[in-house]
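All the letters of the sequence shown, read from the start, carry residue numbers 699 to 1080 under my numbering.
C-beta: ideal position from N, C-alpha, C; glycine also.
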Amino acid sequence: MKITKLTTYRLAPRWLFLKIETDAGVAGWGEPVIEGKARTVEAAVHEFEPYLIGRDPARINDLWQTMYRGGFYRGGAILMSAIAGIDQALWDIKGKALGVPVYELLGGLVRDRMKTYSWVGGDRPADVIAGIRRLREGGFDTFKLNGSEEMGLIDSAAKVDAAVARIAEIRAAFGQTIEFGIDFHGRIGAPMAKVMLRELEPYRPLFVEEPVLAEQDESYARLAQHTSIPLAAGERMYSRFEFKRVFAAGGLAIAQPDLSHAGGISECLKIAGMAEAHDIAFAPHCPLGPVALAACLAVDFVSHNAVLQEQSMGIHYNQGGELLDYVRNRTDFHIEGGYIRPLPGPGLGVEVDEERVIAASRSAPDWRNPLWRHADGSVAEW
Ligand SMILES: [Mg+2]
């Protein structure tokens, strides 16, 4: 079998789909994207074509190493996201060619169903109680919400109290019938992260995510010494070489690589294994589309330390497109009581509605994240 063609489709809400075709008639799909930089990753995908066209898609390991090592410069959000989507599509091809799901090729299931959670409350957390009530009717009992809006490097007690009050309201309304993680989203610097973690501790969140920015990862160990809240991070780390340093430094309880940003299934499987060796849980980041989610699940279902899977149904980013809009086998993605079952189809298990993809890609918007500023006019982390 030989790879013959790579086609990319930018899609609402902020996705990029990749189709890799072969001379055997088997095609695979991937989602190589960095949110807000879809065109840049798209260009990077096509720059990898000379390494791929005419090659045997079954040799995923060699193609991965060729893309990673063959260009001298490596790593980072753009290149690793391009490799990620290509890697997903290659695993999809391999599974389809052999007639089995990818998790069977990776050694088979370690669990029967995978716990998922739902976002609630949006960019500036609001109406969280009503949102949780609504989602509970759909069976979810685990949630994630943003922990704060803009926060200065040193900021007021009033802002801290407002953020903490929202969390207190959730515990008061639902007691321990639900669980939730709190995403600091890299909005908070180390000085205020320490304050916030102390104030949030009584409400016992499942985790705090990106307590500080990934480029401040040396703070994780220090922060962990001041709190019993498990600290999570990883969506802005792109390879096992980055996770290596963070795991060794200590402090992280949950690793959250993104299957569409950190080199795909091949790389995230290795990151999951490294995490397991450090007693660190695995909870892939996935605010993206169905192929990205299927890739996450392929690794979750073979990784003993996988604890939670993010998924994007109803997420505040999904303007103009929902998780299953481009999927034919929607019932396979049914979530019951917060759990999803292994996708039964061959490859990644996603039957992509190609006609709909082609039609929608003709008018795809260029998504950009909001640009926030502090009260003094300086740029704030979003
Ligand atoms: Mg996050």
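- Residue state for Gln1007 is assigned as strand, using DSSP reduced to three classes.
- In this structure, the straight-line span from the alpha carbon of Cys994 to that of Lys703 is close to 25 Å.
- Taking all protein chains in view, the Cβ of Leu851 is surrounded by fewer than 16 other Cβ atoms within 10 Å, so the residue is classified as exposed.
- Between Glu907 and Ala930 a beta carbon distance of about 4 Å is seen, short of the 8 Å cut, so the two are scored as contacting.
- Where Leu904 is concerned, there is no enclosing alpha helix (DSSP H), because DSSP gives it neither an H nor an E.
- For Lys942, the enclosing alpha helix (DSSP H) stretches over residues Arg938 to Ala947.
- Remark: the shortest separation between the CB of Asp881 and any heavy atom of ligand 1 falls under 6 Å.
- Note on geometry: alpha-carbon atoms of Arg822 and Ala860 lie some 12 Å from one another.
- For the pair Ala780 and Val808, the CB atoms are not nearer than the 7 Å cut-off.
- When distances are taken from the beta-carbon of Glu1052 to the heavy atoms of ligand 1, even the shortest one reaches 6 Å or more.
- Taking 6 Å as the cut-off, the C-beta of Glu867 does not count as close to any heavy atom of ligand 1.
- Counting only the Cα atoms, Phe715 lies some 18 Å from Ala996.
- Looking only at Val893, Glu877 and Gly948, the smallest Cα-Cα distance to Asp839 is reached by Glu877.
- Bridge partners of Ile776 according to DSSP: none are assigned.
- Counting the other Cβ atoms within 10 Å of the Cβ of Ala1057 gives fewer than 16, which makes it exposed.
- Residue pairing for Glu867: DSSP places it in no beta bridge.
- Secondary-structure assignment with DSSP links Lys703 through a beta bridge to Glu719.
- In this structure, His976 keeps its C-beta atom at 7 Å or more from the C-beta atom of Glu933.
- In chain order, Arg938 place their CB closer than 6 Å to the CB of Lys968, counting only its own chain and leaving out the 5 sequence neighbours on each side.
- Within the same chain, and ignoring the five residues on either side of Ala951 in sequence, the residues whose Cβ sits closer than 6 Å to its Cβ are Pro928 and Leu929.
- Taking a C-beta distance under 7 Å as the contact criterion, Gly1036 and Gly819 do not qualify as a contact pair.
- Counted as a single uninterrupted DSSP element, the alpha helix (DSSP H) harbouring Ala992 occupies residues Pro988 to Asp998.
- Pairing Ile776 with Ala736 gives a Cβ-Cβ distance that is not under 7 Å.
- Ligand 1 has a heavy atom closer than 6 Å to the beta-carbon of Glu933.
- Boundaries of the alpha helix (DSSP H) harbouring Asn759: Ile758 to Arg767, taken from the DSSP string.
- Secondary structure at Tyr918: helix, using DSSP grouped into helix, strand and coil.
- When beta bridges are read from the DSSP output, Asp956 appears opposite His983.
- In this structure, the beta-carbon distance from Ser958 to Ala990 falls below 7 Å.
- Bridge partners of Arg708 according to DSSP: Leu714.
- Secondary structure of Tyr801 (DSSP, three-state): helix.
- Membership of Glu740 in the alpha helix (DSSP H) is indicated by the continuous run Ala736 to Glu745.
- Judged by their CB atoms, Val800 and Gly793 are nearer to each other than the 7 Å cut-off.
- In this structure, ligand 1 has no non-hydrogen atom nearer than 6 Å to the beta-carbon of Glu733.
- Between Phe905 and the set Ile865, Ala871 and Thr705, the nearest pair of CA atoms involves Ile865.
- A Cβ-Cβ distance of about 5 Å is found for the pair Arg753 and Ile701, placing them in contact under the 8 Å criterion.
- Annotated as proximal: Ser1059 and Leu709, with beta-carbon spacing under 7 Å.
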